[in-house]
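J.: Pasting in a structure now, in structure tokens, and then I'll have a few things to ask.
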Amino acid sequence: MRNAHRPRGRRSAEATLAEARAPSPEEQARVREILARLREAYPVARTALNFSNPLELLVATILSAQCTDERVNQVTAELFRKYRTAEDYASAPLRELERMIRPTGYYRNKARAIKAACRKIATDFGGAVPATMEALLTLPGVARKTANVVLQNAFGIASGIVVDTHVLRVAQRLGLTRHTDRDKVERDLMALIPQEEWIAFSHRLIAHGRQTCRARRPLCGQCVLNSLCPYPQKTG
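Sequential numbering of the sequence shown, starting at 156, is according to this note's numbering.
As structure tokens, then:
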């Protein structure tokens, strides 16, 4: 999904959570059961993006917009050998960077976003990827989804819930949100899910969306959440 740099993404977890409706006891009980079943189904859940430091993860996450993680990993294997610091990306010839990341799609926009973000990291943050939501959202091309991925996976910080295309779809089918706007979906999920579960929940819902609750022909008959799911178009 695309990570456009837009004002609506510049919200703290506290501000986002403050707008959410408090869940009822029945909703809380249902969510606890959903979490328990996901925990059993996906005991080890992590990002599929390959990285060894926060900068690599930031770049990989920008590249993952409208692209599979597998394709991103193929591209970054060479990319990360060539560019190792924010300064490297900031000073890289634009055409060269575009060529290297072209297989990920939207490569011109992504190359410009990577260079601009790394330029700001180099000049404003001493070359180190910042570790707060507020600071990450000042980087060109970074909105809440990208910031949450970096904070959760590179720093172990739960500042929100990653809402990618899989989380959006599964959350809607489960009735955890009625919204389509990703900031509002995140707000609803943050109100329902205990903060200590935000990181694992993000990974598990992404995994569930990829493996079972697919966009087309979901495997409802094999789904561990079937009995808890109100989705009206279930398949066998």
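Glycine is no exception: its CB is placed at the ideal position from the N, C-alpha and C atoms.
Can you grab the Cα-Cα spacing for the pair R150 / H363, in whole Å?
T.: Any property of residue 150 remains undetermined from this structure, which presents the chain solely from 156 to 391.
J.: Let me know the secondary structure DSSP gives Q221 once reduced to three states.
T.: The sequence position of residue 221 within the sequence shown is 66, counting from 1. Looking at Q221 - three-state DSSP - the assignment turns out to be coil, as it is neither helix nor strand.
J.: Count the other C-beta atoms from every protein chain shown that fall within 10 angstroms of the C-beta of S207, then say buried if there are 16 or more, exposed otherwise.
T.: Residue numbering aside, residue 207 sits at position 52 when the sequence shown is read from its first letter. Exposed, since its Cβ has fewer than 16 Cβ neighbours within 10 Å.
J.: Between the alpha carbons of Q229 and G315, how many angstroms are there, rounded?
T.: For the purposes of this step, residue 229 is identified with residue 74 of the sequence shown, where counting begins at 1. For the purposes of this step, residue 315 is identified with residue 160 of the sequence shown, where counting begins at 1. Q229 and G315: Cα-Cα distance of roughly 28 Å.
J.: Residue range of the alpha helix (DSSP H) that V186 falls in?
T.: Counting from 1 along the sequence shown, the entry for residue 186 is found at position 31. Residues P180 to A196.
J.: Can you check whether the CB of L212 is closer than 8 Å to the CB of V305?
T.: Numbered from 1 along the sequence shown, position 150 holds the residue referred to as residue 305. Numbered from 1 along the sequence shown, position 57 holds the residue referred to as residue 212. Their beta carbons are under 8 Å apart, which means V305 touches L212 by this criterion.
J.: CA-CA distance, L374 and S382?
T.: For the purposes of this step, residue 374 is identified with residue 219 of the sequence shown, where counting begins at 1. For the purposes of this step, residue 382 is identified with residue 227 of the sequence shown, where counting begins at 1. Using only the alpha carbons, I get a separation of about 13 Å.
J.: Taking buried to mean at least 16 other C-beta atoms within 10 Å of its own C-beta, is D243 buried or exposed?
T.: Here the question's residue 243 lines up with position 88 in the sequence shown. Exposed, since its Cβ has fewer than 16 Cβ neighbours within 10 Å.
J.: Go through its chain and collect everything with a Cβ distance to A224's Cβ below 7 Å, but skip five positions before and after it.
T.: Taking the sequence shown and counting its residues from 1, the one referred to as residue 224 is at position 69. The amino acid occupying residue 224 in the given sequence is Asp; Ala does not appear at that position. Correct list, in chain order: A203 and L204.
J.: Which residues in the same chain as A271 place their Cβ atom closer than 7 Å to its Cβ, once the five residues preceding and following it in sequence are excluded?
T.: Position 116 of the sequence shown, counted from the first residue, corresponds to residue 271. P295 and G296.
J.: Report yes if the CB atom of R226 is closer than 8 Å to the CB atom of P198, and no otherwise.
T.: Working through the sequence shown from its first residue, we reach residue 226 at position 71. Working through the sequence shown from its first residue, we reach residue 198 at position 43. Against a cut-off of 8 Å, the Cβ pair of P198 and R226 comes out as no contact.
J.: In three-state terms, what does DSSP make of Q229?
T.: Taking the sequence shown and counting its residues from 1, one reaches residue 229 at position 74. Helix.
J.: Less than 8 Å between the CB atoms is what I'm expecting for M288 and A302, so what's the real figure, rounded?
T.: Within the sequence shown, numbered from 1, the residue matching residue 288 stands at position 133. Within the sequence shown, numbered from 1, the residue matching residue 302 stands at position 147. Going by Cβ atoms, the distance from M288 to A302 rounds to 5 Å, so yes, they are a contact pair.
J.: Would you mind giving the Cβ-Cβ distance between K300 and R337, rounded to the nearest angstrom? I have them listed as a contact below 8 Å.
T.: Position 145 of the sequence shown holds residue 300. Position 182 of the sequence shown holds residue 337. Contact flag correct, Cβ pair sits at about 7 Å.
J.: By the three-class DSSP mapping on this structure, what secondary structure does T390 have?
T.: Residue mapping note: residue 390 aligns to position 235 of the sequence shown, counting from 1. T390: coil per DSSP, three-state reduction.
J.: What's the call for A241, buried or exposed, on a 16-neighbour Cβ count within 10 Å?
T.: Residue numbering aside, residue 241 sits at position 86 when the sequence shown is read from its first letter. A241 is buried by the Cβ-count criterion.
J.: For P248, which of helix, strand or coil comes out of DSSP?
T.: Reading the sequence shown from its first residue, position 93 is the one you call residue 248. Three-state DSSP puts P248 in coil, outside helix and strand.
J.: Would you kindly check if the distance between the Cβ of E251 and the Cβ of Y262 is under 8 Å?
T.: Taking the sequence shown and counting its residues from 1, one reaches residue 262 at position 107. Taking the sequence shown and counting its residues from 1, one reaches residue 251 at position 96. Not in contact: Y262 and E251 (Cβ atoms no closer than 8 Å).
J.: When the Cα atoms are used, what is the spatial distance from C273 to W353?
T.: By one-based count along the sequence shown, residue 273 stands at place 118. By one-based count along the sequence shown, residue 353 stands at place 198. Approximately 27 Å between the Cα atoms of the pair.
J.: Identify which residue in P387, G311 and G391 has its Cα closest to the Cα of C475.
T.: Since the displayed the chain opens at 156 and closes at 391, residue 475 lies outside it and no answer follows.
J.: Should P248 go down as buried or exposed, given a rule of 16 or more other Cβ atoms within 10 Å for buried?
T.: Here residue 248 corresponds to residue number 93 of the sequence shown, with the count starting at 1. P248 is exposed by the Cβ-count criterion.
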